[in-house]
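Novice: Those sequence lines, one after another, are chains C and L. Everything in the first sequence is counted per the numbering used here, starting at 9 for the first residue and increasing by one. Everything in the second sequence is counted per the numbering used here, starting at -18 for the first residue and increasing by one. Even glycine gets a Cβ: it sits at the ideal position worked out from N, Cα and C. Here the structure is a predicted model, which means the values were calculated and not measured.
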Amino acid sequence: MSAVKSDIIEVHICTGTAGVASGAYEVMDAFNEVFKSKNVPAIVKERECKVKQTGCRGLCERDVLVDIYLPGEEAATYEHVTPDMVQTIVDEHIGEGEPVKKWAAKKSYYDFYRLQKRYVLKDCGVVDPEDIDDYIQLGGYEAITKVIKEMSPEDVIEEVKKANLRGRGGGGFPSGLKWTFCRKSPGDHKYLVCNADEGDPGAFMDRSIIEGNPHDVIEGMLIAAYAIGCNEGYIYCRAEYPLAIARVKKALKVAEERGYLGDNILGTDFNFKLHLKEGAGAFVCGEETALLASIEGERGMPRPRPPFPAVKGLWQKPTNVNNVETFANLPMIILNGADWYTTIGTEKSKGTKIFALSGKVKSTGLVEVPMGITVKELIYDVGGGIPKKRKFKAVQMGGPSGGCLPEDLLDTPIDYDSLTAAGAMMGSGGVVVMDETNCMVNIAKFFLTFTQRESCGKCIPCRVGTKTMLDILERISDGKGREGDIELLESLAEDIKISSLCGLGQTAPNPVLTTIRYFRDEYEAHIYDQKCPARECPELIEFVVIDEKCKKCGICYKVCPVDAISWEKGKVAYIDKEKCVKCRECIVNCPFNAID
Amino acid sequence: MDENAVAEELDLSKIDKICEKYKGKKGSTIPVLQAVQEEYGYLSKEMLERMGDVLNVSPHELYGVLTFYAQFYTSPRGKYVIRVCRGTACHVKGSGRISEVVKEEFGIGDGETTEDYGFTLEEVSCIGACGMAPVIMVNDKTHGNLTPEKSREIFKDYAEKFKEEE
Chain C
9 MSAVKSDIIE
19 VHICTGTAGV
29 ASGAYEVMDA
39 FNEVFKSKNV
49 PAIVKERECK
59 VKQTGCRGLC
69 ERDVLVDIYL
79 PGEEAATYEH
89 VTPDMVQTIV
99 DEHIGEGEPV
109 KKWAAKKSYY
119 DFYRLQKRYV
129 LKDCGVVDPE
139 DIDDYIQLGG
149 YEAITKVIKE
159 MSPEDVIEEV
169 KKANLRGRGG
179 GGFPSGLKWT
189 FCRKSPGDHK
199 YLVCNADEGD
209 PGAFMDRSII
219 EGNPHDVIEG
229 MLIAAYAIGC
239 NEGYIYCRAE
249 YPLAIARVKK
259 ALKVAEERGY
269 LGDNILGTDF
279 NFKLHLKEGA
289 GAFVCGEETA
299 LLASIEGERG
309 MPRPRPPFPA
319 VKGLWQKPTN
329 VNNVETFANL
339 PMIILNGADW
349 YTTIGTEKSK
359 GTKIFALSGK
369 VKSTGLVEVP
379 MGITVKELIY
389 DVGGGIPKKR
399 KFKAVQMGGP
409 SGGCLPEDLL
419 DTPIDYDSLT
429 AAGAMMGSGG
439 VVVMDETNCM
449 VNIAKFFLTF
459 TQRESCGKCI
469 PCRVGTKTML
479 DILERISDGK
489 GREGDIELLE
499 SLAEDIKISS
509 LCGLGQTAPN
519 PVLTTIRYFR
529 DEYEAHIYDQ
539 KCPARECPEL
549 IEFVVIDEKC
559 KKCGICYKVC
569 PVDAISWEKG
579 KVAYIDKEKC
589 VKCRECIVNC
599 PFNAID
Chain L
-18 MDENAVAEEL
-8 DLSKIDKICE
2 KYKGKKGSTI
12 PVLQAVQEEY
22 GYLSKEMLER
32 MGDVLNVSPH
42 ELYGVLTFYA
52 QFYTSPRGKY
62 VIRVCRGTAC
72 HVKGSGRISE
82 VVKEEFGIGD
92 GETTEDYGFT
102 LEEVSCIGAC
112 GMAPVIMVND
122 KTHGNLTPEK
132 SREIFKDYAE
142 KFKEEE
């Protein structure tokens, strides 16, 4: 990250959700306190010290992250900062110019960012999300000014088409083309909707973009609204994201006060009113027609398309829906031009994509990489590989709509088409890494439990079909699987995919299909051998210590919550089956896989 | 405590004021339900009837919307709502055990509330803090990088806090 241009000393503190959870505000208070009490500016040659909150910069696991910017120097980062470290950092680093080495970010921190191309997220972790001037200073609202003053709506659409921007919500539909449909639709009153109902378990880039820089999304929406001819819009945000909602509310208010929203924007005859709508907890509302029903105040049920929202959307008016990340791409496309944008990415997938890297990987967090990077690079080079010396088993990409890829597909390049060909999909960008202790039947069951619960119930294939599939999966993991179950799952999956009304049902079988495709042997082991190779399904584990493998370390003894394990130094552990509650703590923590 | 007894004690007149603000505005069903729930903590049959009167819509319509979304509740909830994230990242890192610890400490399952209205357990899809999985939220405070034992400590602290407050 580059140095701040001004002559003042800045302390940037990560206040994304993870930062706040780790105590960012306490750290911030501590810095303010120290600066006040010791009159630090005097020590550092009369320069002003500024403590600034910033959004999420991705590596949430190391929070609280703090950057110190001394004039003329590269920023220095500290990890896992707590209030009691603040005094030392101020004294030694800011006061005497000697960074505190033991707390400074290690090599793996910088490795995490080395392969990333942070364009959409460039301001996240740098800009104060609650200060519009901070954003403006870094070039904010320049793109919309350029659009309004120098470009016609057609020019803007042309530029976005040339940039080949595809929808980042997962579908990958060309955005410029989508806009054309809505623009050409007859009618004066048109709506623009930002889909911030990020419900995919394992994805949180929309949340971080909004929390980190809400003005970027507002500016993107302004550009789209101008191009399409919309004069009213909604940001539909999950109610589960209280911090994001608070920051959007604040940003909307200030943007309106400054004349970026409302009537006669920047002194022209362009009007755009933008509202915030809070969701109420329904995954299906991520589906655009369901989302529109929800804004109208109805149950969030999808409806068949056509007519598409571009023709008949919100309150029957032409409506264009795009995802948060799609909007966040727009300002830089306008400012830098489509020619620049198309230099990033692959032939058919341009630009970058943000992924939420989580699960069994060393560095978890938000990652922005150019399209075309391989899954392997993402997990090993950016994420640092698998912790605890365990073996990689699978990577789940694209949330409940996506699929699991095995080790031999790790070289798959990340772009819309390659992922779909492999049976996964870009989806919302969730990447969950699994190691040898994760059971693939269990993971399929997990996703089906989710989609089955979140099915709106309107169409039978989804409502009944996913339930039937889940019943079969539960039977298998309980050790009651029957011959023919796998084939039955496959045929049900195909039927549900074809006949469901909306994306939820059409993609719900994907995790089951890909786990069967790549890990069929694991299903067979459950059904025919009554074994769970990953030792995750409690009904199929014996919970005995394998004498030859036990290294007598006593870890299992320490982690057992019900004292079912007896162990003495130098002796093999023993599990008392009467007392054992099958919680799996011993298996999860045993470094030698010595419990079966 | 009997649920009806709770409802009877409540002063429902605040509903009128809240509803007036939204009356006649299109698409206001969810916001108005959210606002009333914000005030009372849940939405009872009596509240829906009163809302229906003021807004001039059928309480059944309101009930239909309410039951569709996960964030509306028809009975009172605990002072502390423990949201255990069951997202994918939390799942692979063992969040199922955290729910069990809640059960061990408070004797409540998903969607249940303790008898003294101290604690409610709610398993939620994804909190969006996957980088620090497994994660829980207790009211508005997020706790991450948990182990079953760490979470047990946190629950014990809250239980003590609740006891002091009562």
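Listing by chain order, which chain L residues have their CB less than 7 Å from the CB of C:W111?
Specialist: Reading the first sequence from its first residue, position 103 is the one you call residue 111 of chain C. None at all; the shortest Cβ gap to chain L is about 18 Å.
Novice: Suppose you measure from the CA of C:V589 to the CA of C:Y565; what does that come to, to the nearest Å?
Specialist: What you label residue 589 of chain C is simply residue 581 of the first sequence in a count that begins at 1. What you label residue 565 of chain C is simply residue 557 of the first sequence in a count that begins at 1. One C-alpha to the other measures close to 14 Å.
Novice: Among the residues of its own chain, which have a CB less than 6 Å from the CB of C:L418, if the five just before and after it don't count?
Specialist: As a working note, residue 418 of chain C is residue 410 in the first sequence. Hits under 6 Å: V383 and K384.
Novice: Compare the C-beta of L:L127 with all C-beta atoms of chain C and state if any pair is closer than 8 Å.
Specialist: Counting from one through the second sequence, the residue named residue 127 of chain L turns up at place 146. Chain C, which has no Cβ nearer than 8 Å to the Cβ of L:L127, makes this no.
Novice: Which ranges does the alpha helix (DSSP H) cover as unbroken runs of at least 4 residues, wholly within the region 137 to 219 of chain C, from first to last along the chain?
Specialist: Listed in chain order, the complete alpha helix (DSSP H) runs (minimum 4 residues) inside the region 137 to 219 of chain C are 140 to 145, 150 to 158, 161 to 171 and 183 to 192.
Novice: Taking the continuous beta strand (DSSP E) assigned at C:P378, which residues delimit it?
Specialist: Within the first sequence, numbered from 1, the residue matching residue 378 of chain C stands at position 370. Residues G373 to P378.
Novice: Can you pull the chain C neighbours of L:I108, defined as C-beta to C-beta under 7 Å?
Specialist: Looking up residue 108 of chain L in the second sequence gives position 127. Those are E248, listed as they occur along chain C.
Novice: Using 10 angstroms around the beta-carbon of C:D214, count the other beta-carbons present and answer buried if the total reaches 16, otherwise exposed.
Specialist: Looking up residue 214 of chain C in the first sequence gives position 206. Per the 10 Å Cβ criterion, buried.
Novice: C:V403 bridges to which residues according to DSSP?
Specialist: Here residue 403 of chain C corresponds to residue number 395 of the first sequence, with the count starting at 1. Note: C:V403 sits in a beta bridge opposite C:L413 and C:V441.
Novice: Is there a C-beta anywhere in chain C that falls below 8 Å from the one on L:Y50?
Specialist: In the second sequence, residue 50 of chain L corresponds to position 69, counting from 1. Chain C, which has a Cβ nearer than 8 Å to the Cβ of L:Y50, makes this yes.
Novice: Are the CB atoms of C:G437 and C:A364 nearer to each other than 8 Å?
Specialist: Within the first sequence, numbered from 1, the residue matching residue 437 of chain C stands at position 429. Within the first sequence, numbered from 1, the residue matching residue 364 of chain C stands at position 356. For C:G437 and C:A364, yes; Cβs fall inside 8 Å.
Novice: First and last residue of the alpha helix (DSSP H) that includes C:N597?
Specialist: Against the first sequence, residue 597 of chain C aligns to sequence position 589. Unbroken alpha helix (DSSP H) run through C:N597: E593 to N597.
Novice: Hey, how far is the Cα of C:P395 from the Cα of C:I603?
Specialist: The residue given as residue 395 of chain C occupies position 387 in the first sequence. The residue given as residue 603 of chain C occupies position 595 in the first sequence. So the alpha carbons of these two residues sit roughly 20 Å apart.
Novice: What residues of chain C sit near L:D34, judged by a beta carbon separation below 7 Å?
Specialist: Along the second sequence, one-based indexing puts residue 34 of chain L at 53. Those within 7 Å of L:D34 in chain C number zero; the least Cβ separation is about 18 Å.
Novice: So C:A26 is in the alpha helix (DSSP H); what residue range does that whole segment cover?
Specialist: Counting from one through the first sequence, the residue named residue 26 of chain C turns up at place 18. Counting along the chain, the alpha helix (DSSP H) containing C:A26 begins and ends at T25 to A29.
Novice: Which same chain residues, not among the five before or five after C:G207, have their C-beta less than 6 Å away from its C-beta?
Specialist: One-based indexing of the first sequence puts residue 207 of chain C at position 199. F291 and G294, listed in sequence order.
Novice: Looking only at C-alpha atoms, which of C:K399, C:R174 and C:S371 sits nearest to C:R70?
Specialist: Taking the first sequence and counting its residues from 1, the one referred to as residue 70 of chain C is at position 62. Nearest option by C-alpha distance: C:S371.
Novice: In terms of DSSP beta bridges, what is C:G353 paired with?
Specialist: Counted from its first residue, the first sequence places residue 353 of chain C at position 345. DSSP output for C:G353 lists C:K358 as bridge partner(s).
Novice: Does C:K13 come within less than 8 Å of chain L when only Cβ atoms are used?
Specialist: Working through the first sequence from its first residue, we reach residue 13 of chain C at position 5. Note that C:K13 scores a pLDDT of 49, beneath 50, so its modelled location is shaky; the value from the coordinates is reported in the next line. No - not a single Cβ of chain L is within 8 Å of the one on C:K13.
Novice: Which residues, in chain order, does the region 477 to 500 of chain C contribute to contact with chain L at a C-beta distance below 7 Å?
Specialist: Cβ contacts with chain L come from no residue of the region 477 to 500 of chain C.
Novice: Using a Cβ-Cβ distance under 8 Å, would C:C68 count as near chain L?
Specialist: By 1-based counting over the first sequence, the position of residue 68 of chain C is 60. At least one chain L Cβ lies under 8 Å of C:C68.
Novice: What's the call for C:P137, buried or exposed, on a 16-neighbour Cβ count within 10 Å?
Specialist: For the purposes of this step, residue 137 of chain C is identified with residue 129 of the first sequence, where counting begins at 1. Result: buried.
Novice: Helix, strand or coil for C:V6, going by three-state DSSP, please let me know.
Specialist: The structure shown does not extend to residue 6 of chain C, since chain C is modelled only from 9 through 604, so no value can be given for it.
Novice: Go ahead and label C:N330 buried or exposed: buried means 16 or more other beta carbons lie within 10 angstroms of its beta carbon, across all protein chains shown.
Specialist: In the first sequence, counting from the first residue as 1, residue 330 of chain C sits at position 322. Buried: at least 16 other Cβ atoms inside 10 Å.
Novice: What is the DSSP secondary structure of L:T101, counted as helix, strand or coil?
Specialist: Numbered from its first residue, the second sequence carries residue 101 of chain L at position 120. It is a strand residue.
Novice: Please report how far the alpha carbon of L:V91 lies from the alpha carbon of C:R490, in whole angstroms.
Specialist: Position 110 of the second sequence holds residue 91 of chain L. Position 482 of the first sequence holds residue 490 of chain C. A small correction: the amino acid at residue 91 of chain L is Asp; Val does not occupy that position in the sequence shown. Cα to Cα, L:D91 sits roughly 30 Å from C:R490.
Novice: For a cutoff of 8 Å on Cβ pairs, would you count C:R215 as touching chain L?
Specialist: To locate residue 215 of chain C, count along the first sequence from 1; it is residue 207. Cβ-Cβ to chain L under 8 Å: yes for C:R215.
Novice: Would you list the residues sitting across from C:P310 in a DSSP beta bridge?
Specialist: As a working mapping, residue 310 of chain C is identified with position 302 in the first sequence. DSSP lists no partner for C:P310.
Novice: Work out the CA separation of C:L497 and C:K488 for me, nearest whole Å.
Specialist: In the first sequence, counting from the first residue as 1, residue 488 of chain C sits at position 480. In the first sequence, counting from the first residue as 1, residue 497 of chain C sits at position 489. Spanning the two alpha carbons is a distance of roughly 15 Å.
Novice: Among L:M113, L:E104 and L:E147, which one has its Cα closest to the Cα of C:G66?
Specialist: Here residue 66 of chain C is taken as the residue at index 58 of the first sequence, counted from 1. With distances taken between Cα atoms, C:G66 lies closest to L:M113.
Novice: For a contact meaning CB atoms closer than 8 Å, what does C:Q404 contact in chain L?
Specialist: Taking the first sequence and counting its residues from 1, one reaches residue 404 of chain C at position 396. Under the 8 Å cutoff, chain L gives T69.
Novice: Enumerate in chain order the residues of its own chain whose CB-to-CB distance from C:L146 is below 8 Å, with the five nearest sequence positions on each side excluded.
Specialist: Residue 146 of chain C sits at position 138 when you count from the first residue of the first sequence. Closer than 8 Å at the Cβ level, and outside the excluded window around C:L146, lie D131, V134 and V135.
Novice: Inspect the beta-carbon positions of L:R67 and L:V105 and report whether they are closer than 8 Å.
Specialist: Counting from one through the second sequence, the residue named residue 67 of chain L turns up at place 86. Counting from one through the second sequence, the residue named residue 105 of chain L turns up at place 124. Yes; because the gap between Cβ atoms is below 8 Å, this pair is in contact.
Novice: Does the beta-carbon of C:V552 have 16 or more other beta-carbons within 10 angstroms, so that it is buried, or is it exposed?
Specialist: Counting from 1 along the first sequence, the entry for residue 552 of chain C is found at position 544. The residue is exposed, with fewer than 16 neighbouring Cβ atoms inside 10 Å.
Novice: Taking C:R307 as the query, report the chain L residues whose CB atoms sit under 9 Å from its CB, ordered along the chain.
Specialist: By one-based count along the first sequence, residue 307 of chain C stands at place 299. Simply G45, V46, T48, F49 and Y50.
Novice: As a quick exercise: from C:G105, C:N221, C:K198 and C:Y117, pick the residue whose alpha carbon is nearest that of C:I144.
Specialist: As a working mapping, residue 144 of chain C is identified with position 136 in the first sequence. Nearest C-alpha to C:I144: C:N221.
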